[in-house]
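*Asks:* Residues in the sequence shown are numbered from 0 upward in steps of one, following numbering that gives the first Met the number 0. Note that the Cβ used here is the ideal one computed from N, Cα and C, for glycine as well. What you are looking at is a predicted structure, and each value in this text was computed from that prediction instead of being measured.
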Amino acid sequence: MSQDEEINRLRASARLHLSNLVTRFEDSLIDDTRFERLLDVLLDMIKQSEESLHALLHEISIEIINDCMTHIDDRVVSVALRFLGVLLSDSTAFETFAQRGIPLFFFDFVVENSLKDEKFIEREDSVKSAALDGLYKMIFSGNVEKGAGNLHFKQFYWIVNQRKDFLHLFFTFFKSFNSFLASSASILVGGLLEIASQDEEAFEALKKAGLRNELKECFNASDHSDDPIIPLIGMIVYLLRSEVVDIKFLSKLDLVHSLIPLF
(Lines of atoms letter the chains of each structure in order from A and count residues from 1; the text may use other names and numbers.)
(Lines give C-alpha, C1' and ligand atoms only; values in the text may rest on other atoms or scores of the structure.)
Protein backbone atom coordinates (compact mmCIF):
# COMPACT_ATOMS: atom_id res chain seq x y z
CA MET A 1 0.00 0.00 0.00
CA SER A 2 1.39 3.40 -1.01
CA GLN A 3 1.72 6.26 1.43
CA ASP A 4 -1.17 8.13 -0.22
CA GLU A 5 -3.36 5.06 -0.01
CA GLU A 6 -2.54 4.63 3.68
CA ILE A 7 -3.36 8.29 4.37
CA ASN A 8 -6.69 7.94 2.54
CA ARG A 9 -7.46 4.75 4.49
CA LEU A 10 -6.75 6.46 7.82
CA ARG A 11 -8.86 9.48 6.88
CA ALA A 12 -11.75 7.26 5.84
CA SER A 13 -11.49 5.38 9.14
CA ALA A 14 -11.39 8.63 11.13
CA ARG A 15 -14.37 10.00 9.19
CA LEU A 16 -16.37 6.84 9.86
CA HIS A 17 -15.68 6.74 13.60
CA LEU A 18 -16.31 10.45 14.10
CA SER A 19 -19.63 10.22 12.24
CA ASN A 20 -20.59 7.17 14.32
CA LEU A 21 -20.14 9.22 17.48
CA VAL A 22 -23.09 11.44 16.59
CA THR A 23 -25.75 8.76 16.47
CA ARG A 24 -29.30 9.47 15.38
CA PHE A 25 -30.88 6.30 16.73
CA GLU A 26 -33.46 6.17 19.48
CA ASP A 27 -31.89 5.91 22.94
CA SER A 28 -33.64 2.64 23.70
CA LEU A 29 -31.94 0.95 20.76
CA ILE A 30 -28.39 1.83 21.78
CA ASP A 31 -26.17 -0.38 23.89
CA ASP A 32 -24.73 1.69 26.75
CA THR A 33 -21.25 0.30 26.06
CA ARG A 34 -21.35 1.32 22.39
CA PHE A 35 -19.96 4.75 23.12
CA GLU A 36 -17.23 3.43 25.39
CA ARG A 37 -16.08 1.05 22.65
CA LEU A 38 -16.12 3.88 20.15
CA LEU A 39 -14.12 6.05 22.56
CA ASP A 40 -11.50 3.29 22.81
CA VAL A 41 -11.23 3.20 19.00
CA LEU A 42 -10.80 6.98 18.76
CA LEU A 43 -8.21 7.02 21.57
CA ASP A 44 -6.29 4.24 19.81
CA MET A 45 -6.18 6.41 16.69
CA ILE A 46 -4.67 9.26 18.71
CA LYS A 47 -1.96 7.01 20.17
CA GLN A 48 -1.39 4.73 17.17
CA SER A 49 0.84 6.97 15.05
CA GLU A 50 1.36 10.54 13.88
CA GLU A 51 -0.37 9.62 10.64
CA SER A 52 -3.54 8.43 12.36
CA LEU A 53 -3.56 11.52 14.60
CA HIS A 54 -3.23 13.78 11.55
CA ALA A 55 -6.07 11.86 9.89
CA LEU A 56 -8.30 12.64 12.88
CA LEU A 57 -7.34 16.30 12.81
CA HIS A 58 -8.01 16.44 9.08
CA GLU A 59 -11.51 15.01 9.44
CA ILE A 60 -12.71 16.62 12.66
CA SER A 61 -14.69 19.82 12.15
CA ILE A 62 -16.63 22.44 14.04
CA GLU A 63 -19.83 20.85 12.73
CA ILE A 64 -18.95 17.46 14.22
CA ILE A 65 -17.94 19.01 17.54
CA ASN A 66 -21.10 21.13 17.70
CA ASP A 67 -23.26 18.11 16.89
CA CYS A 68 -21.62 16.17 19.74
CA MET A 69 -21.83 18.98 22.29
CA THR A 70 -25.49 19.78 21.60
CA HIS A 71 -26.60 16.16 21.26
CA ILE A 72 -29.70 15.13 23.21
CA ASP A 73 -27.98 11.96 24.50
CA ASP A 74 -25.68 12.74 27.44
CA ARG A 75 -23.61 9.65 26.62
CA VAL A 76 -22.58 11.18 23.30
CA VAL A 77 -21.59 14.44 25.00
CA SER A 78 -19.65 12.65 27.75
CA VAL A 79 -17.63 10.51 25.37
CA ALA A 80 -16.94 13.48 23.11
CA LEU A 81 -15.64 15.59 26.01
CA ARG A 82 -13.26 12.84 27.16
CA PHE A 83 -12.11 12.23 23.60
CA LEU A 84 -11.44 15.94 23.05
CA GLY A 85 -9.51 16.13 26.31
CA VAL A 86 -7.12 13.36 25.26
CA LEU A 87 -6.85 14.75 21.73
CA LEU A 88 -5.97 18.22 23.00
CA SER A 89 -3.23 16.89 25.27
CA ASP A 90 -1.26 16.44 22.06
CA SER A 91 0.64 19.63 21.24
CA THR A 92 -0.02 19.34 17.49
CA ALA A 93 -3.75 18.92 18.06
CA PHE A 94 -3.81 21.75 20.58
CA GLU A 95 -2.10 24.14 18.15
CA THR A 96 -4.35 23.01 15.30
CA PHE A 97 -7.48 23.73 17.32
CA ALA A 98 -6.09 27.11 18.37
CA GLN A 99 -5.30 28.09 14.77
CA ARG A 100 -8.74 27.04 13.52
CA GLY A 101 -10.47 28.92 16.29
CA ILE A 102 -12.57 25.87 17.13
CA PRO A 103 -14.37 26.57 20.42
CA LEU A 104 -13.90 24.20 23.31
CA PHE A 105 -16.92 23.33 25.41
CA PHE A 106 -15.53 21.98 28.68
CA PHE A 107 -16.50 25.02 30.74
CA ASP A 108 -19.94 25.22 29.13
CA PHE A 109 -21.01 22.12 31.00
CA VAL A 110 -19.75 23.12 34.43
CA VAL A 111 -21.01 26.72 34.36
CA GLU A 112 -24.59 26.18 33.26
CA ASN A 113 -25.94 29.51 34.47
CA SER A 114 -23.57 31.44 32.20
CA LEU A 115 -24.88 29.83 29.03
CA LYS A 116 -27.14 31.40 26.45
CA ASP A 117 -27.80 28.19 24.51
CA GLU A 118 -30.55 26.19 26.23
CA LYS A 119 -29.18 23.00 24.68
CA PHE A 120 -26.35 23.09 27.21
CA ILE A 121 -28.55 23.53 30.27
CA GLU A 122 -29.81 20.82 32.62
CA ARG A 123 -27.20 18.22 31.77
CA GLU A 124 -26.64 15.25 34.05
CA ASP A 125 -23.76 15.16 36.54
CA SER A 126 -22.16 12.55 34.28
CA VAL A 127 -21.61 15.24 31.66
CA LYS A 128 -20.12 17.65 34.20
CA SER A 129 -17.83 14.87 35.39
CA ALA A 130 -16.80 14.13 31.80
CA ALA A 131 -16.03 17.82 31.26
CA LEU A 132 -13.76 17.85 34.32
CA ASP A 133 -12.16 14.58 33.15
CA GLY A 134 -11.60 16.13 29.73
CA LEU A 135 -9.85 19.14 31.26
CA TYR A 136 -7.66 16.81 33.32
CA LYS A 137 -6.79 14.70 30.27
CA MET A 138 -5.65 17.90 28.55
CA ILE A 139 -3.02 18.61 31.19
CA PHE A 140 -1.89 15.06 32.03
CA SER A 141 -1.32 11.99 29.89
CA GLY A 142 -0.13 8.78 31.49
CA ASN A 143 -0.97 6.40 34.33
CA VAL A 144 -2.96 8.22 37.01
CA GLU A 145 -2.74 5.35 39.49
CA LYS A 146 1.05 5.22 39.32
CA GLY A 147 1.47 8.99 39.12
CA ALA A 148 3.60 8.59 36.01
CA GLY A 149 2.98 10.60 32.87
CA ASN A 150 3.51 13.83 30.96
CA LEU A 151 2.44 17.27 32.11
CA HIS A 152 1.18 19.75 29.52
CA PHE A 153 1.91 23.35 30.41
CA LYS A 154 0.30 25.13 27.43
CA GLN A 155 -2.96 23.40 28.20
CA PHE A 156 -2.61 24.37 31.87
CA TYR A 157 -2.38 28.04 30.96
CA TRP A 158 -5.32 27.71 28.57
CA ILE A 159 -7.44 26.52 31.51
CA VAL A 160 -6.13 29.27 33.78
CA ASN A 161 -6.94 31.95 31.21
CA GLN A 162 -10.51 30.83 30.46
CA ARG A 163 -12.14 32.20 33.59
CA LYS A 164 -10.95 34.19 36.60
CA ASP A 165 -13.02 31.99 38.89
CA PHE A 166 -11.88 28.66 37.37
CA LEU A 167 -10.39 27.40 40.63
CA HIS A 168 -13.45 28.31 42.69
CA LEU A 169 -15.56 26.53 40.12
CA PHE A 170 -13.57 23.30 40.47
CA PHE A 171 -13.48 23.41 44.27
CA THR A 172 -17.26 23.86 44.34
CA PHE A 173 -17.61 20.28 43.11
CA PHE A 174 -15.67 19.00 46.13
CA LYS A 175 -18.97 19.41 47.99
CA SER A 176 -21.03 17.55 45.41
CA PHE A 177 -23.22 14.68 46.60
CA ASN A 178 -22.22 12.85 43.43
CA SER A 179 -19.02 10.98 44.33
CA PHE A 180 -17.91 10.65 40.69
CA LEU A 181 -18.24 14.38 40.13
CA ALA A 182 -16.39 15.20 43.36
CA SER A 183 -13.64 12.71 42.47
CA SER A 184 -13.24 14.19 38.97
CA ALA A 185 -12.86 17.66 40.50
CA SER A 186 -10.28 16.50 43.07
CA ILE A 187 -8.17 14.78 40.39
CA LEU A 188 -8.31 17.85 38.15
CA VAL A 189 -7.22 20.17 40.97
CA GLY A 190 -4.52 17.63 41.86
CA GLY A 191 -3.29 17.75 38.26
CA LEU A 192 -3.19 21.55 38.29
CA LEU A 193 -1.20 21.47 41.54
CA GLU A 194 1.14 18.85 40.10
CA ILE A 195 2.03 21.23 37.26
CA ALA A 196 2.32 24.12 39.73
CA SER A 197 4.86 22.12 41.72
CA GLN A 198 7.14 22.18 38.67
CA ASP A 199 6.66 25.76 37.56
CA GLU A 200 6.75 28.82 39.80
CA GLU A 201 4.75 30.91 37.35
CA ALA A 202 2.03 28.24 37.32
CA PHE A 203 2.00 28.18 41.12
CA GLU A 204 1.65 31.97 41.19
CA ALA A 205 -1.27 31.70 38.77
CA LEU A 206 -3.07 29.32 41.13
CA LYS A 207 -2.33 31.52 44.13
CA LYS A 208 -3.67 34.53 42.24
CA ALA A 209 -6.82 32.52 41.51
CA GLY A 210 -7.34 32.08 45.27
CA LEU A 211 -5.80 28.66 45.93
CA ARG A 212 -5.15 29.21 49.64
CA ASN A 213 -8.62 30.61 50.26
CA GLU A 214 -10.25 27.70 48.45
CA LEU A 215 -8.26 25.18 50.50
CA LYS A 216 -9.07 27.05 53.70
CA GLU A 217 -12.78 27.10 52.90
CA CYS A 218 -12.75 23.36 52.20
CA PHE A 219 -11.02 22.63 55.50
CA ASN A 220 -13.41 24.93 57.38
CA ALA A 221 -16.43 23.32 55.72
CA SER A 222 -15.12 19.95 56.84
CA ASP A 223 -15.67 21.01 60.45
CA HIS A 224 -19.42 20.94 59.82
CA SER A 225 -19.78 18.41 57.00
CA ASP A 226 -18.04 15.37 55.60
CA ASP A 227 -18.75 16.46 52.03
CA PRO A 228 -15.36 18.00 51.07
CA ILE A 229 -13.11 15.74 53.15
CA ILE A 230 -13.05 12.73 50.82
CA PRO A 231 -12.20 14.78 47.70
CA LEU A 232 -9.53 16.61 49.72
CA ILE A 233 -7.97 13.33 50.77
CA GLY A 234 -8.22 12.09 47.19
CA MET A 235 -6.41 15.19 45.95
CA ILE A 236 -3.62 14.76 48.52
CA VAL A 237 -3.25 11.05 47.73
CA TYR A 238 -2.99 12.00 44.05
CA LEU A 239 -0.13 14.40 44.84
CA LEU A 240 1.61 11.85 47.07
CA ARG A 241 1.55 9.33 44.23
CA SER A 242 3.03 11.78 41.77
CA GLU A 243 6.57 11.13 40.57
CA VAL A 244 7.36 14.84 40.44
CA VAL A 245 5.70 16.39 43.53
CA ASP A 246 8.02 16.47 46.55
CA ILE A 247 7.22 16.85 50.23
CA LYS A 248 8.46 20.45 50.23
CA PHE A 249 5.65 21.44 47.90
CA LEU A 250 3.06 19.72 50.09
CA SER A 251 4.53 21.47 53.12
CA LYS A 252 4.30 24.79 51.30
CA LEU A 253 0.54 24.26 51.01
CA ASP A 254 0.27 22.84 54.55
CA LEU A 255 -2.00 20.12 53.19
CA VAL A 256 -1.16 17.08 55.30
CA HIS A 257 -0.84 19.07 58.53
CA SER A 258 -4.26 20.68 57.95
CA LEU A 259 -5.90 17.28 57.61
CA ILE A 260 -4.76 15.92 61.01
CA PRO A 261 -7.34 17.80 63.16
CA LEU A 262 -10.15 16.41 61.01
CA PHE A 263 -9.59 12.82 62.16
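Hey, how far is the Cα of N19 from the Cα of L187?
*Replies:* Straight-line Cα distance between these residues: approximately 29 angstroms.
*Asks:* I need the straight-line Cα distance from A11 to Q47, nearest angstrom please.
*Replies:* Computed Cα separation, rounded: 16 angstroms.
*Asks:* Is it buried or exposed for G190, if we count other Cβ within 10 angstroms and need 16 for buried?
*Replies:* G190 should be labelled buried.
*Asks:* Which residues share a DSSP beta bridge with F139?
*Replies:* Answer by DSSP bridge pairing, in chain order: L150.
*Asks:* So does the region 31-45 actually touch the region 93-101, counting three or more Cβ pairs closer than 8 angstroms?
*Replies:* At 8 angstroms Cβ cutoff, the stretches do not touch.
*Asks:* Please report the distance separating the alpha-carbon of I138 from that of D107.
*Replies:* Those two C-alpha atoms are separated by around 18 angstroms.
*Asks:* Could you tell me if the beta carbon of I235 falls within a distance shorter than 7 angstroms of some heavy atom in the ligand COA?
*Replies:* This structure lacks the ligand COA, and indeed carries no ligand of any kind.
*Asks:* Alpha carbon to alpha carbon, how far is S182 from I71?
*Replies:* Looking at the two C-alpha atoms, the distance is approximately 25 angstroms.
*Asks:* Once DSSP output is grouped into helix, strand and coil, what is the label at G209?
*Replies:* Correct three-state label for G209: coil.
*Asks:* Which residues in the same chain as F104 place their Cβ atom closer than 6 angstroms to its Cβ, once the five residues preceding and following it in sequence are excluded?
*Replies:* So the qualifying residues of the chain are M68.
*Asks:* Using a Cβ-Cβ cutoff of less than 6 angstroms, which residues in the same chain neighbour L252 once the five nearest sequence positions on both sides are dropped?
*Replies:* Here the set comprises nothing.
*Asks:* For P227, count neighbouring Cβ atoms within 10 angstroms of its own Cβ and tell me buried if that reaches 16, exposed if not.
*Replies:* Looking at its Cβ environment, which holds 16 or more other Cβ atoms inside 10 Å, P227 is buried.
*Asks:* Of all the options A184, E203, E242, E199, which has the alpha carbon lying nearest to the alpha carbon of I232?
*Replies:* With distances taken between Cα atoms, I232 lies closest to A184.
*Asks:* Would you mind working out which of Y237, P102, I101, F179 sits nearest L131, comparing C-alpha positions?
*Replies:* Closest by alpha carbon: F179.
*Asks:* Here's the rule I'm using: 16 or more other beta-carbon atoms within 10 Å means buried, otherwise exposed. How should D280 be labelled?
*Replies:* Here the chain has residues from 0 to 262 only, and residue 280 is not among them.
*Asks:* Give me, in chain order, the residues of the same chain whose beta-carbon lies closer than 7 angstroms to that of A79; leave out the 5 immediate sequence neighbours on both sides.
*Replies:* Result list for A79: L20, C67, M68, in chain order.
*Asks:* Once DSSP output is grouped into helix, strand and coil, what is the label at P227?
*Replies:* Three-state result, P227: coil.
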